[in-house]
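Undergrad: Numbering (the numbering used here), first residue to last: 16 to 183. Think of the CB as a built atom: it goes at the ideal place given N, C-alpha and C, for glycine as much as any other residue. What you are looking at is a predicted structure, and each value in this text was computed from that prediction instead of being measured. The structure follows.
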């Protein structure tokens with residue numbers, strides 16, 4: 016397992032829904048949690064490990080969630096700006112505005128439907144990982160000026176990604 020970085024095509028694709036919760040998927044979800052933690056992350060989406068399917072793991076400090084085929088049902092009107100980073104965009108941190116509260120639905124690793132309201136940090140992490148499933152990275156949500164400031168870093172990452180994809 017490795018982390019795919021900015022510029023690798025799987026990160027820009029819209030991931031396909033998971034058809035069924037299988038033992039293999041549950042094993043992969045179980046493996047993703049220590050891999051995420053070992054890389055000092057709080058979330059890890061399937062596209063970040065090269066799998067274009069709609070699932071992710073997250074640990075925003077309240078509990079570990081293994082999220083399959085997530086939906087964001089609604090979001091509150093109140094937004095907060097907070098610095099974000101990403102395992103797929105190493106070394107870059109920028110402020111991103113996101114709703115402070117969201118209502119979500121997803122399948123857990125037992126195949127059960129979970130509906131919950133998330134707020135503050137867990138809501139932010141869920142939204143960040145959810146974005147990965149739609150081919151979006153946090154740098155796609157920053158202001159044009161902030162993007163300009165990191166353009167050289169993004170070009171460097173994209174060049175590294177092109178080299179990686181060219182050797183596989």
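Quick one: residues in its chain with C-beta nearer than 7 Å to the C-beta of residue 184, no 5 flanking neighbours on either side, listed in chain order?
TA: Residue 184 cannot be examined here, being either before or after the span of the chain that is shown, 16 to 183.
Undergrad: Rounded to whole angstroms, what's the CA-CA distance from residue 45 to residue 168? Just pull it up for me.
TA: The sequence position of residue 45 within the chain shown is 30, counting from 1. The sequence position of residue 168 within the chain shown is 153, counting from 1. Cα to Cα, residue 45 sits roughly 32 Å from residue 168.
Undergrad: Just checking, does the stretch 173-183 make contact with the stretch 62-81 on the three C-beta pairs under 8 Å criterion?
TA: Flag = no, the stretch 173-183 and the stretch 62-81 do not touch.
Undergrad: Once DSSP output is grouped into helix, strand and coil, what is the label at residue 156?
TA: Taking the chain shown and counting its residues from 1, the one referred to as residue 156 is at position 141. The answer is coil: DSSP assigns residue 156 none of H, G, I, E or B.
Undergrad: Rounded to whole angstroms, what is the Cα-Cα separation between residue 109 and residue 145?
TA: For the purposes of this step, residue 109 is taken as the residue at position 94 of the chain shown. For the purposes of this step, residue 145 is taken as the residue at position 130 of the chain shown. The alpha-carbon atoms of residue 109 and residue 145 are separated by roughly 18 Å.
Undergrad: Please state whether the Cβ-Cβ distance between residue 84 and residue 122 is less than 9 Å.
TA: Translated into positions along the chain shown, residue 84 becomes position 69. Translated into positions along the chain shown, residue 122 becomes position 107. Their beta carbons are under 9 Å apart, which means residue 84 touches residue 122 by this criterion.
Undergrad: Can you tell me the Cα-Cα spacing of residue 160 and residue 154, whole angstroms?
TA: In the chain shown, residue 160 corresponds to position 145, counting from 1. In the chain shown, residue 154 corresponds to position 139, counting from 1. Their Cα atoms are separated by approximately 11 Å.
Undergrad: Go ahead and label residue 17 buried or exposed: buried means 16 or more other beta carbons lie within 10 angstroms of its beta carbon, across all protein chains shown.
TA: Against the chain shown, residue 17 aligns to sequence position 2. Answer is exposed; the Cβ neighbour count stays below 16.
Undergrad: Kindly identify the DSSP beta-bridge partner or partners of residue 128.
TA: As a working mapping, residue 128 is identified with position 113 in the chain shown. DSSP output for residue 128 lists 122 as bridge partner(s).
Undergrad: Report the three-state DSSP secondary structure of residue 81 (helix, strand or coil).
TA: Along the chain shown, read from residue 1 onward, the residue named residue 81 stands at position 66. Strand at residue 81.
Undergrad: Just the C-alpha distance for residue 156 and residue 29, rounded to the nearest angstrom, thanks.
TA: Counting from 1 along the chain shown, the entry for residue 156 is found at position 141. Counting from 1 along the chain shown, the entry for residue 29 is found at position 14. Rounded to the nearest angstrom, the two C-alpha atoms are 16 Å apart.
Undergrad: Which residues does DSSP pair with residue 51 in a beta bridge?
TA: Along the chain shown, one-based indexing puts residue 51 at 36. Note: residue 51 sits in no beta bridge, so no partner.
Undergrad: Nearest CA to the CA of residue 137: which residue from 34, 79, 93 and 37?
TA: Start at 1 with the first residue of the chain shown, and residue 137 comes out as number 122. The residue with the shortest Cα to Cα distance from residue 137 is 79.
Undergrad: What are the partner residues of residue 97, as DSSP defines its beta bridges?
TA: Counting from 1 along the chain shown, the entry for residue 97 is found at position 82. Answer by DSSP bridge pairing, in chain order: 111.
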